[in-house]
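First residue of the sequence shown? That's 1 in UniProt numbering, and the numbers climb one at a time after it.
The structure appears below as structure tokens.
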Amino acid sequence: MTERLPLFFLLASHLFVSGVLSTSILSIENKCKNTIWPVLYSWQSEVSTTGFALKSGETRDINAPSSWYGLISARTLCSNSTGNFLCVTGDCESGQIECNDVSYGWSTVTYVYIKIDDGGTSTYKISLEYGYNLPITVSPSQSTSETCMSSGCMVDLNKTCPDNLKKFSEGNLNACSSACQESGSSEDCCTGSFNSKQTCKPSQYVNFERACPSAYSYAFGDNNITFTCSNTTDYVITFCPSSIPNITRNKKNNNRSSMAPLPEPKDNSQGKLIAIVGGCSAAVVVIIGVIAVVMRAKNARKKSVFNDENSQMRSQSYISMISESIFGENPPMDGKVKPPNIQVFINFRGEQLRTNFVGHLVDALRRSEINVFIDNQEQRGEDLTKLFERINDSGIAIAVFSSRYTQSKWCLEELVKIKERADQGRLKVLPVFYKVTPENVKRLKGEFADHFRDKELMFGCDEPKIKQWRDAIISVSHKFGLTFDENSSVLESDFIETIVKAVLKMLQAKSTVESGQSSR
């Protein structure tokens with residue numbers, strides 16, 4: 001036993017260092033004159049909070065696990081005087097200080113994207129793509145080269161922001177929106193026929209380009225710098241700094257692509273462990289090592305069982321689809337039967353999706369006791385009234401974008417209605433990018449755009465209709481969503497479970513907001 005102890009001690013020490021300390025510390029500082037409410041949104045892995053209050057002069061440390069990918073922003077001028085927690089800028093629509101990490105949409109705020117990669121690097125970028133509300137700096141703990149250095153953005157809104165993009169509250173200028181965020185047009189969002197540096201001109205962005213040379217402001221800007229550091233780097237994110245670094249950097253390293261959401265968040269229970277700093281005695285280290293071994297074994301068993309259940313789910317779903325249609329639970333749309341209490345409407349294109357991915361998704365949602373509606377077969381007539389009624393009855397819509405999505409006029413018509421309800425604040429939308437990149441959908445590129453151009457040729461005489469479709473695609477695709485990449489290691493069944501979890505969170509957030517409103 002005595003001979004084995006040193007080996008066990010080394011094993012425990014290794015597990016302690018590699019398993020527990022594999023985090024980056026995100027220190028969020030508030031040097032503004034007033035309280036701010038930071039937001040942390042996670043695309044991959046999770047952190048301990050999604051939103052909190054930070055008084056002037058305060059700092060809060062957040063432990064971000066390895067493989068975390070998310071964004072940081074800040075809300076301003078917040079209050080719960082109405083019974084719901086609301087903010088003038090950056091409101092995440094949760095009705096409370098913590099933000100729902102799915103229903104939160106792009107806001108007119110200053111964003112910082114941070115991606116911590118298991119491969120050994122981490123990257124960050126400051127983005128003004130959707131607007132600007134607070135000055136900011138990001139300072140890596142290991143600023144050792146031009147690829148890993150501090151940067152920031154600080155502007156005078158009165159001088160920098162175009163008049164038509166200024167955002168006021170009670171007579172005070174609080175934020176500056178982006179042209180794309182305001183209009184959603186192809187010309188302002190650099191999509192469709194404006195998807196090149198020659199056709200998409202930065203007229204609305206010139207001042208921000210000059211004031212913030214290290215920030216992303218529009219798709220074909222000359223700046224758009226992504227900084228790369230080691231994955232053990234800590235970051236200090238300061239709102240309202242007294243000054244910002246002077247950035248001079250070789251632009252050949254610029255990254256002009258928008259940082260779109262990665263595939264769905266993965267379960268990373270180790271990432272939720274808080275880093276333990278300080279000296280520990282040998283006995284304490286050994287105890288931690290034992291705990292780590294037990295936890296890892298437990299997680300391995302859990303993963304094995306989960307994969308077995310996923311395999312069984314796929315088999316059962318396939319068998320049930322052969323024996324009887326899983327869509328038979330909904331009555332036919334003949335107007336003779338009163339529709340059920342719809343909660344989730346699924347907008348998608350194609351028979352192949354219906355009998356595979358969407359079929360499994362519907363099955364999984366219903367197993368979680370979520371009311372679902374999908375169109376049993378795409379409507380062949382011109383009257384979409386019944387479908388629109390179902391959208392009106394829904395609290396959530398899932399828009400499944402695939403490469404051939406725009407081949408269907410009915411999908412596009414549904415999407416226009418979905419956008420209309422979302423703009424009215426009556427519908428939450430979750431875009432799902434299935435085997436198509438968010439970039440191709442948001443900017444109308446690739447095969448997705450090719451099929452849309454076919455629709456433009458077919459309905460070229462109806463320009464208002466084409467514009468409605470285009471605006472709906474851009475608006476919905478710019479909301480936070482989930483992406484399935486067929487080349488990734490993520491199983492489709494795991495991705496479906498992620499969607500179900502996202503919908504459950506959205507329903508919970510919606511219920512919280514509605515209960516708050518009814519209590520007033």
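Each residue gets a CB set at the ideal place from its N, CA and C atoms; glycine is no exception.
Beta-ladder partner(s) of P464, from DSSP: P464 has no beta-bridge partner at all, per DSSP.
For F357 versus Y434, is the C-beta spacing smaller than 8 Å? Taking a C-beta distance under 8 Å as the contact criterion, F357 and Y434 qualify as a contact pair.
Considering only the alpha carbon of each residue, which of A175, G152, P245, F495 lies closest to C161? Answer by Cα proximity: A175.
Completely contained beta strand (DSSP E) runs for the stretch 168-231, where each covers 3 or more residues: Entirely contained in the stretch 168-231, the beta strand (DSSP E) runs reaching 3 residues are, in chain order, 172-177, 227-230.
So what does DSSP say about E492, is it helix, strand or coil? Three-state result, E492: helix.
Grab me the residues of D234's own chain with a C-beta within less than 6 Å of its C-beta, minus the 5 sequence neighbours each way, in chain order. Scanning its chain for C-beta atoms nearer than 6 Å, with the 5 sequence neighbours on each side dropped, one finds around D234 the residues S24, I25, S141, in chain order.
Would you identify the three-state DSSP class for A472, choosing helix, strand or coil? A472: helix per DSSP, three-state reduction.
Would you say G171 reaches chain C, if we count a Cβ-Cβ gap shorter than 8 Å as a contact? The structure shown contains no chain C; it holds only a single protein chain.
Close Cβ partners of I62 (< 6 Å) along its chain, the five nearest in sequence each way excluded: For I62, where only same-chain residues beyond five positions count, the Cβ hits under 6 Å are L26, V47.
Proximity below 8 Å, CB of G105 to CB of S177: No, the Cβ-Cβ distance between G105 and S177 is not below 8 Å.
The ligand ADP heavy atom lying under 7 Å from the CB of T123: For the ligand ADP, the structure offers nothing, since it holds no ligand at all.
Measuring straight from C-alpha to C-alpha, what distance separates C87 and I126? Here the alpha carbon of C87 sits roughly 22 Å from the alpha carbon of I126.
As assigned by DSSP and simplified to three states, the class of Q312: Reliability fails at Q312, whose pLDDT of 39 lies under 50, so the model's placement of it is uncertain and no value is given.
Going straight from the alpha carbon of W37 to that of G171, what length do you get? For the pair W37 and G171, the Cα-to-Cα distance works out to about 22 Å.
For E129, does the three-state DSSP call read helix, strand or coil? Shown here, E129 sits in coil according to DSSP, grouped into three states, outside any helix or strand.
At the level of alpha carbons, what is the spacing between N195 and G51? Using only the alpha carbons, I get a separation of about 35 Å.
Tell me, please, which residues DSSP counts as bridged to K428. The partner list for K428 (beta bridge, DSSP) reads I396.
Closest residue to M506 among G83, C99, S67 (Cα-Cα distance): M506 has its Cα closest to that of C99, out of G83, C99, S67.
Tell me the DSSP secondary structure of P245 in three-state form. Correct three-state label for P245: coil.
Measure the CB-CB distance between V432 and I499 and report whether it falls below 8 Å. A distance below 8 Å separates the beta carbons of V432 and I499.
Same chain only: Cβ atoms within 6 Å of G271, ignoring 5 sequence neighbours per side: Here G271 scores only 36 on pLDDT, less than 50, and its place in the model is too uncertain to base an answer on.
Leaving aside the five residues before and after E447 along the sequence, list all residues of the same chain whose C-beta is less than 7 Å from its C-beta, in chain order. So the list reads S403, once near-sequence residues are dropped.
K501 to I396 span [Cα, whole Å]: Between K501 and I396, the alpha-carbon positions lie close to 13 Å from each other.
Nearest to T108 by alpha carbon, out of A53, Y124, C148, A179? Scanning A53, Y124, C148, A179 for the CA closest to the CA of T108 turns up A179.
Report yes if the CB atom of V436 is closer than 8 Å to the CB atom of K479, and no otherwise. For V436 and K479, no; Cβs fall outside 8 Å.
Expressed to the nearest angstrom, what Euclidean distance is found between the alpha-carbon atoms of K197 and Y69? So the two alpha carbons sit approximately 28 Å from each other.
Considering Cα atoms alone, identify which of T232, S79, P241, N231 is closest to E29. Looking at the Cα atoms, P241 is the closest of the given residues.
Looking at C-beta atoms only, is the number of pairs between the stretch 485-497 and the stretch 467-474 that lie closer than 8 Å three or more? The stretch 485-497, when compared against the stretch 467-474, does not touch it at the 8 Å Cβ threshold.
Nearest-angstrom Cα distance between L427 and L415? Taking C-alpha positions only, L427 is separated from L415 by approximately 12 Å.
In the DSSP assignment, find the beta strand (DSSP E) that holds A64 and state where it starts and stops. Counting along the chain, the beta strand (DSSP E) containing A64 begins and ends at 59-65.
Alpha carbon to alpha carbon, what distance is there between Q424 and A509? For A509 and Q424, the distance between alpha carbons rounds to 17 Å.
Whole angstroms is fine: what's the gap from V138's alpha carbon to I237's? If you take the alpha carbons of V138 and I237, they lie about 5 Å apart.
What does a CB cutoff of less than 6 Å around M154 pick up in its chain, not counting 5 residues either side in sequence? Excluding positions up to five away in sequence, the list reads P135, I244.
Report the rounded CA-to-CA distance for T228 versus S67, giving the unit in angstroms. Using only the alpha carbons, I get a separation of about 14 Å.
Taking Cβ positions, are T89 and N133 nearer each other than 8 Å? Closer than 8 Å, so yes.
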